Amino acid sequence: MSRAAEHGTERRAGGEAERRRSGRRSTDGGAATEAWLDPFGQPAMRTRPAAAGMPAFQRFYRLFLGARAVVGLALVVAQVTGSVLGVRSVSLAMGLSLGYAVQALVVWLLPRFRAAPAGIALSPPATAATIGVDVAVFSVLHLIDPASGFNYVALLVLPVLMAAVLTPRITSLGTAAVAALVLLAGAWRGGLREGDATLLMTQAGLAGIGLFLIALLAGELAGRLAREEASARGSLELARQQAQLNRLVIEQMADGVLVVDRRMRVRAANPAARRLLCDEGMARPAPFDLGALPQWAALAQAVAEAFGANGRGERLRDVVLPFEGGTERTLRLRAGFTGRRAGDGLGGSGPGMSEELCVLFLEDLRTLQARTRQEKLAAMGRVSAGIAHEIRNPLAAIAQANALMEEDAVAPDQRRLTRIVADNVDRLKRIVDDVLDVAPGGAPNARVIDLATEVAAVVAEWARSVQLGLGASSRLEVRFDTQPDAPPLLAAPAPLLVRFDPDHLRRVLVNLLDNAHRHAVERPGAITLALARLGEAQVQLSVASDGTPIAADVERHLFEPFFSTRSRGTGLGLYICRELCERYGASIEYRLRAADEPNRNEFSVTMPLVVADPSNGPPP
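The numbering of the sequence shown is full-length UniProt numbering, which starts it at 1 and goes up by one.
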């Protein structure tokens, strides 16, 4: 078997993989051209002709078909020229040459014959139509027309070479053996006619040995070419997979990635970077000019300064992008540099191939600060939970000892002191319970409830506890907006199904109502509680009051633990509210309403609705 056939499995797998890749490129080529890395695409690879990417076996096959057609035409021309010049020729040789030329042209020109075989070796029909025909025609010409002056021995090299490259080794050696036997038969026949058999047989033997050497050497070279081609195609496939993986990772990154040249031309931008560069929506795909918009001027200046520093190492810098409407976004930049050199295997040479490029990594500073704050709070929560567990036992001992002392206390001063101890023990117990309630790892006791019913019950209970009426002149005004012409809160509004623990909902709502009641003025409607649907998927519960607007420096720390503006406050109320809301997929936020709106301080809780199946009743 030839070396090409020895690596048949490799070549077959490579051919099938190439055909599958070709099919995929025909379907997803459009998507590939829109990938963020497209500005670094390699034109030489994308625009090369189809034949350049054809496996060597198919290229050799087409080359041999063309060579057969040329040889056939040359034979016809030689026969005609010999007849014109008076060289003796026979009609059979002319007929064979003409027939061979027609057959070679048909095989070469017709698409059905010219199409390269799908395998790694010629099929038996293809072998018979090419190599078999060549050996038969050239052998007959050599045997029937020895005295015409034409030497047909050299023509036998073509089928031997074709068999060595395109067929297994046994076939190529068989072809060389048949050709050698034909040469020996011709020499024996000539020796009988001319009487110099020894010399002719020696020449024929040497020619036969040469044909065998051609078959062996050509087969070895074809095998080596097949191995190198399989290795190259494997490397190309690995490089393509790596590029696709890199593209997928960068496109899905939360951080923005920009690639900028010295002319401030953005060569590539992932979706996150395009979002960060605009206040709303996304910037247009690369390439684009970083100096095209005024709000990008600070970013362009930062890139220019990074290039001016000779691109050594990575640099951190914060840049503010001002947008229309007075809004702005602060980006943290991290710059790195890379150079592309001609001849480094990245697609050849050309304009810009040796140009140094700046790779910018963009992060929204607010997102970064929020992530850092969340990590700190999570660590603090774990530490606080451990401390709370350790405090419980000595706290219980203090409470028990204080109760025993209170039983024996007779003097008013002693009773007053024991009461102070008891009050502070109760306060510490509440703090411990609050910390443990929001400790990480607690599984929520979530069940589907009717939010309207639960809110109505909590509001009624809270109003009684603070001795607050619910009439028209009450400080508390309740509103429902769950459907057109909705009834008052306590008049059976439309059900709103959410997944929330009732005790935790009561805790969140009571905390918000207590804060509003503490800071609101004494007038009707100073506190507003509203429940409203937000589309088909969410509901919002809000509590607003007309107290003094919260200062900006206080607002930043509202939901942080142990932050309080009251001397006896624990600073855990709003923090616990946020942790409980997030446990059930809800969110809580504060906003300051416009100056012309009443009750400007508003805390709102947004919850996802649970869709009920009418055929099965409400969800469990």
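Cβ atoms here follow ideal geometry from the backbone N, Cα and C, with glycine treated the same way. Keep in mind that this is a model prediction, so the values were computed, not measured.
Spatial distance of Arg46 from Gln252 (CA atoms): Low confidence applies here, because Arg46 scores a pLDDT of 39, under 50, leaving its location unreliable; read the following figure in that light. Cα to Cα, the separation comes out at about 25 Å.
Do the segment 227–243 and the segment 184–200 meet, that is, are 3 or more Cβ pairs less than 8 Å apart? No, they do not touch.
Who are Val466's beta bridge partners in DSSP? Val466 is bridged by DSSP to nothing; it lacks a bridge partner.
CB contact flag (Met282, Arg275, <8 Å): Contact: yes.
For Leu277 and Trp296, I'd like the C-alpha separation in whole angstroms. Cα-Cα distance, rounded: 8 Å.
Evaluate the contact criterion for the segment 530–539 versus the segment 554–562: three or more CB pairs, one atom per stretch, below 8 Å. With the cut-off at 8 Å, the segment 530–539 and the segment 554–562 do not touch.
Quick check on DSSP: helix, strand or coil for Asn599? Residue state, collapsed to three classes: coil.
Does DSSP put Arg329 in a helix, a strand or coil? Three-state result, Arg329: strand.
Three or more beta-carbon pairs under 8 Å between the segment 537–547 and the segment 459–466, yes or no? By the Cβ criterion, the segment 537–547 is not in contact with the segment 459–466, since fewer than three pairs of Cβ atoms, one from each stretch, lie closer than 8 Å.
Tell me the DSSP secondary structure of Cys581 in three-state form. Cys581: helix per DSSP, three-state reduction.
Option nearest Gly573 by Cα separation, candidates Val76, Arg507, Glu522: Measuring from the Cα of Gly573, the nearest candidate turns out to be Arg507.
For Leu592, which beta-bridge partners are listed by DSSP? In the DSSP output, where bridge partners are listed per residue, Leu592 has Asn601.
Count the C-beta pairs between the segment 162–174 and the segment 194–201 that are closer than 8 Å, then say yes if the count reaches three, no if not. A contact between stretches requires three or more CB pairs, one per stretch, nearer than 8 Å, and the segment 162–174 fails this requirement with the segment 194–201.
Measuring straight from C-alpha to C-alpha, what distance separates Leu436 and Gly585? Leu436 and Gly585 have their C-alpha atoms roughly 20 Å apart.
Among all the DSSP beta bridges, which residues are the ones paired with Thr528? In the DSSP output, where bridge partners are listed per residue, Thr528 has Glu477, Ala544.
Which residue's Cα is closest to the Cα of Ile131: Ser172, Ala185, Val140? The option with the nearest alpha carbon to Ile131 is Ser172.
Just the Cα atoms here: how many angstroms apart are Phe307 and Ala232? Rounded to the nearest angstrom, the two C-alpha atoms are 37 Å apart.
For Arg464, which option in Glu280, Asp514, Arg447 has the closest C-alpha, if you only look at C-alpha atoms? It is Asp514.
Among Cys358, Glu363, Leu321, the one whose alpha carbon lies nearest that of Arg332: Distance from the Cα of Arg332 is smallest, within the candidate group Cys358, Glu363, Leu321, for Glu363.
Under the three-state DSSP convention, the category Asp261 falls into: In the displayed model, Asp261 falls within coil according to three-state DSSP, outside both helix and strand.
I believe Ser139 touches Val182 by the beta-carbon criterion, under 8 Å. Please report the beta-carbon distance rounded to the nearest angstrom. Sure, about 4 Å apart at Cβ, within 8 Å.
For Ile576, write down the residues that DSSP places opposite it in a beta bridge. According to DSSP, Ile576 bridges with nothing at all.
I'd like to confirm the pairing. Which residues does DSSP put opposite Arg533 in its beta bridges? Answer is Val539.
Assuming Ala520 contacts Arg475 (C-beta within less than 8 Å), just tell me the rounded distance between them. With a Cβ gap of about 6 Å, Ala520 and Arg475 count as contacting.
Give me the DSSP bridge partner(s) of Ser587. Answer is Thr606, bridged to Ser587.
Less than 8 Å between the beta carbons of Phe500 and Ser542, yes or no? The beta carbons of Phe500 and Ser542 sit no closer together than 8 Å.
Of the choices Leu321, Ile398, Ala269, Gly256, whose alpha-carbon is the least far from that of Phe361? Minimum Cα distance to Phe361 is reached at Gly256.
Spatial neighbours of Met162 in its chain, beta-carbon cut-off 6 Å, leaving aside the 5 residues before and after: Once the five neighbours on either side are set aside, the close Cβ partners of Met162 are Phe64, Ile131.
Between the C-alpha atoms of Val259 and Pro159, what's the straight-line distance to the nearest angstrom? Rounded to the nearest angstrom, the two C-alpha atoms are 56 Å apart.
Tell me which residues share the same chain as Val178 and place their Cβ nearer than 6 Å to its Cβ, disregarding the 5 neighbours each side in the sequence. Only Val135 meet the Cβ criterion.
Only counting the same chain, and skipping five residues up and downstream in sequence, which positions put a Cβ closer than 8 Å to that of Gly617? For Gly617, the predicted structure reports a pLDDT of 47, less than 50, and the residue's modelled location is therefore unreliable. A value from the coordinates is still provided. Excluding the 5 residues flanking it on each side, Gly617 has no same chain C-beta neighbour closer than 8 Å.
Sort Leu155, Gln242, Ala154, Leu143 by Cα distance to Arg193 and report the nearest one. Checked all of Leu155, Gln242, Ala154, Leu143; the closest Cα to Arg193 is Leu143.
Under a Cβ-count criterion, where at least 16 other Cβ atoms within 10 Å of its own Cβ denotes burial, should residue 621 be classed as buried or exposed? Nothing about residue 621 can be read from this structure; the chain reaches only from 1 to 620.
Compare the Cα-Cα distances from Thr367 to each of Leu85, Met94, Arg518, Ala272 and report the closest residue. Comparing Cα positions, the closest option is Ala272.
Could you have a look at Val107 and say whether DSSP puts it in helix, strand or coil? The answer is helix: DSSP assigns Val107 an H, G or I state.
Classification of Asn601 by the beta-carbon crowding that lies within 10 angstroms, buried from 16 upward: The residue is buried, with at least 16 neighbouring Cβ atoms inside 10 Å.
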